[in-house]
Amino acid sequence: MLTRYSTGLKTFYTLFVIVPHDITTDASQHAKRIAAEANFDKPTMTKTKTNAEFIKECNAKHAGFYDYSITKYTIWNAKIKYICPNHGIQEQRANDHRRGGGCGKCGREKTKKAFLYDTQKFIQVSNRIHNSQYDYSNVVYSSYLESVSIRCKLHGEFVQVAGHHLSGHGCPKCGNISCRNRGKPSKMLTRTMFLRLARETHGGIYDYTSMIYKQKRTGVSIICKSHGPFVCLPDKHLKGVGCPTCVFFDAFVATASALYPGKFEYDRSSYKNSKTKMRITCQAHGDFWQQPGDHIRKRSAFHCYICFLESKRITRDEFIARSKVIHGSAYGYDDVVLGSTLNDFVTIFCNKCQKHFSQRAVNHLQGNGCATCCESQHEKKIRAWLETTTHVFEQQKSFPGLRHMQPLKCDFYLPQYNLVIEFDGIQHFEPVKMFGGEERFAINQTRDQIKNEYCVAHRINLLRLKDGQDVIAEVQTTIEIIKKGGDSNVYHILYGKFATLA
Numbered sequence: 007m008l009t010r011y012s013t014g015l016k017t018f019y020t021l022f023v024i025v026p027h028d029i030t031t032d033a034s035q036h037a038k039r040i041a042a043e044a045n046f047d048k049p050t051m052t053k054t055k056t057n058a059e060f061i062k063e064c065n066a067k068h069a070g071f072y073d074y075s076i077t078k079y080t081i082w083n084a085k086i087k088y089i090c091p092n093h094g095i096q097e098q099r100a101n102d103h104r105r106g107g108g109c110g111k112c113g114r115e116k117t118k119k120a121f122l123y124d125t126q127k128f129i130q131v132s133n134r135i136h137n138s139q140y141d142y143s144n145v146v147y148s149s150y151l152e153s154v155s156i157r158c159k160l161h162g163e164f165v166q167v168a169g170h171h172l173s174g175h176g177c178p179k180c181g182n183i184s185c186r187n188r189g190k191p192s193k194m195l196t197r198t199m200f201l202r203l204a205r206e207t208h209g210g211i212y213d214y215t216s217m218i219y220k221q222k223r224t225g226v227s228i229i230c231k232s233h234g235p236f237v238c239l240p241d242k243h244l245k246g247v248g249c250p251t252c253v254f255f256d257a258f259v260a261t262a263s264a265l266y267p268g269k270f271e272y273d274r275s276s277y278k279n280s281k282t283k284m285r286i287t288c289q290a291h292g293d294f295w296q297q298p299g300d301h302i303r304k305r306s307a308f309h310c311y312i313c314f315l316e317s318k319r320i321t322r323d324e325f326i327a328r329s330k331v332i333h334g335s336a337y338g339y340d341d342v343v344l345g346s347t348l349n350d351f352v353t354i355f356c357n358k359c360q361k362h363f364s365q366r367a368v369n370h371l372q373g374n375g376c377a378t379c380c381e382s383q384h385e386k387k388i389r390a391w392l393e394t395t396t397h398v399f400e401q402q403k404s405f406p407g408l409r410h411m412q413p414l415k416c417d418f419y420l421p422q423y424n425l426v427i428e429f430d431g432i433q434h435f436e437p438v439k440m441f442g443g444e445e446r447f448a449i450n451q452t453r454d455q456i457k458n459e460y461c462v463a464h465r466i467n468l469l470r471l472k473d474g475q476d477v478i479a480e481v482q483t484t485i486e487i488i489k490k491g492g493d494s495n496v497y498h499i500l501y502g503k504f505a506t507l508a
């Protein structure tokens, strides 16, 4: 069960409840109710699905379209492989595929066919939507967002945005007359008639199975196969009005395609709004995620990260010269060998701690340096203590499948005790301007939650520390608890409070 634990400064969603000894039964039930109301759209980790269960769910979602003979499911956020009958082997995050995401190439082909309009296609679609009500002899269609000149057979010529017309909008004067006559009796439209006309107007892009139809001017819930349910008046729907998210997506694609012709493809199913990241495919380098609003506004900024890095490709001498301007004489670059892009790792020597370390070239040019020398005072204290003991430890430890856009690293990992140690500064509990403000605070919370879930799913002991705690004493106490508990128990200790998972 997914439950919630709050420290007062920060809220965690984990698979356990930290309950003080004096908590009442009513409070415990209240906590469970809060957790249920959270209604996360993520699979719970109480039991990992088997490969067969996962494939069964995917077959049900995709109606048996894909071949899962090569699929090996491990965890919801790890990538799986499957076979598209049209484009062969595809790779996708397991939960994205389970929730309806499919072959990107199929989606892009469908999008291309749907929105490559010319004037003739615009007139053809408009006549179908408006039942040949208008004269389009003066129309010159250029894009979804441009205005076109249309002639109403009753009121003459009017100008309207092409996308609005395709969404069901028509002559404004006819609309005013319709509003004045709204209270007059009209022919009753039955549910069967509505379904027949709706499918004639929109084809098979909407699902009406859960719709409760009363009358044509009472809103009904219709399911868009890409974006889920929306409410629409039946008579508006029959005039061509559809999913509002699809309308915004179509407008976004039209604008973006004009800005970057032939460079990117856009995934309809991942589009939510202009401020939520969606999946965009670079024709040269594959998928990346970006806010639609940023994609069409930041013309001079990078979009595909690899394209950006390739555009900034430099020589080894240029890299060393720039690095010395940024870092001075702090580092030695004798062992630097640049890869094909600045995203590749290079080996750098720290003159302070006299150790080599690996780092992405682009990160080093952004000001990042030696992780050992840049660690916080509390991290230094923990490392210094561990070095005086016989405990084997790894600093900045990464795990397979632990990632948020890029691989995530944990401050310390003690393999002997299967223990991850994380020290959280104030920027993990509240926005701090010098650490990136609100945006960085949100990222920190997301990363912390992902690490918590990963430790729960993989039965890894977790110790989280913060300012004000005796970090050495907490580490010593945790190690002793793990020793006494043995391998059968897993401990998740958050800022001095803990729960045991059997």
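For the sequence shown, our numbering gives the first residue as 7, with consecutive numbering after it. The C-beta atom is built at its ideal place from N, Cα and C for all residues, glycine as well.
Residues bridged to residue i (per DSSP)
{"i": "L471", "result": "F429"}
{"i": "I286", "result": "Y272 and F294"}
{"i": "H434", "result": "In DSSP, H434 forms no bridge with anything."}
{"i": "Q96", "result": "Y88"}
{"i": "I156", "result": "F164"}
{"i": "L503", "result": "Position check: residue 503 holds Lys in this sequence, whereas Leu was assumed. Per DSSP, L500."}
{"i": "Y337", "result": "C356"}
{"i": "L420", "result": "L425"}
{"i": "P178", "result": "None; P178 has no bridge partner."}
{"i": "Y140", "result": "C158"}
{"i": "Y212", "result": "C230"}
Among the options, nearest to residue i - alpha-carbon criterion
{"i": "N495", "options": "R465, I61, V253 and H434", "result": "R465"}
{"i": "Y150", "options": "F258, S404 and A69", "result": "F258"}
{"i": "T396", "options": "E385, H362, Y423 and G375", "result": "Y423"}
{"i": "L203", "options": "R389, V247 and C90", "result": "V247"}
{"i": "Y79", "options": "P91, H161, P437 and C64", "result": "C64"}
{"i": "S148", "options": "R453, I95 and T261", "result": "T261"}
{"i": "V253", "options": "R303, D293 and V167", "result": "V167"}
{"i": "N349", "options": "L371, K330 and F363", "result": "L371"}
{"i": "I218", "options": "I211, I229 and H208", "result": "I229"}
{"i": "E459", "options": "I81, C310 and G502", "result": "I81"}
{"i": "H208", "options": "K179, N137 and V154", "result": "N137"}
{"i": "I211", "options": "R223, C180, R274 and E163", "result": "R274"}
{"i": "F60", "options": "I95, R99 and G94", "result": "R99"}
{"i": "K55", "options": "P406, D293 and N101", "result": "N101"}
{"i": "K245", "options": "L420, Q401, S173 and V165", "result": "S173"}
{"i": "G234", "options": "R223, P240, Q221 and P250", "result": "P250"}
{"i": "L500", "options": "A463, E444, D430 and E486", "result": "D430"}
{"i": "L420", "options": "G407, R446 and E393", "result": "E393"}
{"i": "F71", "options": "K85, G107, A58 and A84", "result": "G107"}
{"i": "T198", "options": "G375, C238 and K220", "result": "K220"}
Supposed close pair residue i, residue j - CB separation, criterion 8 Å
{"i": "D213", "j": "K231", "result": "6 Å"}
{"i": "R319", "j": "T347", "result": "7 Å"}
{"i": "V352", "j": "L344", "result": "6 Å"}
{"i": "K387", "j": "V477", "result": "6 Å"}
{"i": "L425", "j": "T484", "result": "7 Å"}
{"i": "F418", "j": "I427", "result": "4 Å"}
{"i": "V154", "j": "V145", "result": "5 Å"}
Opening and closing residue of the alpha helix (DSSP H) in which residue i lies
{"i": "T251", "result": "P250 to L265"}
{"i": "Y3", "result": "With the chain represented from 7 up to 508, any question about residue 3 goes unanswered, as that position is not in the structure."}
{"i": "I447", "result": "Here the sequence assigns Phe to residue 447, which means Ile is not the residue at that position. Start and end: G443 to A463."}
{"i": "L203", "result": "R197 to H208"}
{"i": "T56", "result": "Here T56 belongs to no alpha helix (DSSP H), and DSSP marks it neither H nor E."}
{"i": "G132", "result": "Looking at the sequence itself, residue 132 is Ser, so the reference to Gly does not match. T125 to H136 is the span of the alpha helix (DSSP H), which, as asked, contains S132."}
{"i": "L392", "result": "Q383 to E393"}
{"i": "Q482", "result": "V477 to G491"}
Range covered by the beta strand (DSSP E) that runs through residue i
{"i": "L408", "result": "E400 to H410"}
{"i": "C90", "result": "K85 to C90"}
{"i": "V352", "result": "F351 to C356"}
{"i": "R366", "result": "K361 to R366"}
{"i": "S227", "result": "V226 to C230"}
{"i": "L500", "result": "V496 to L500"}
{"i": "P235", "result": "G234 to C238"}
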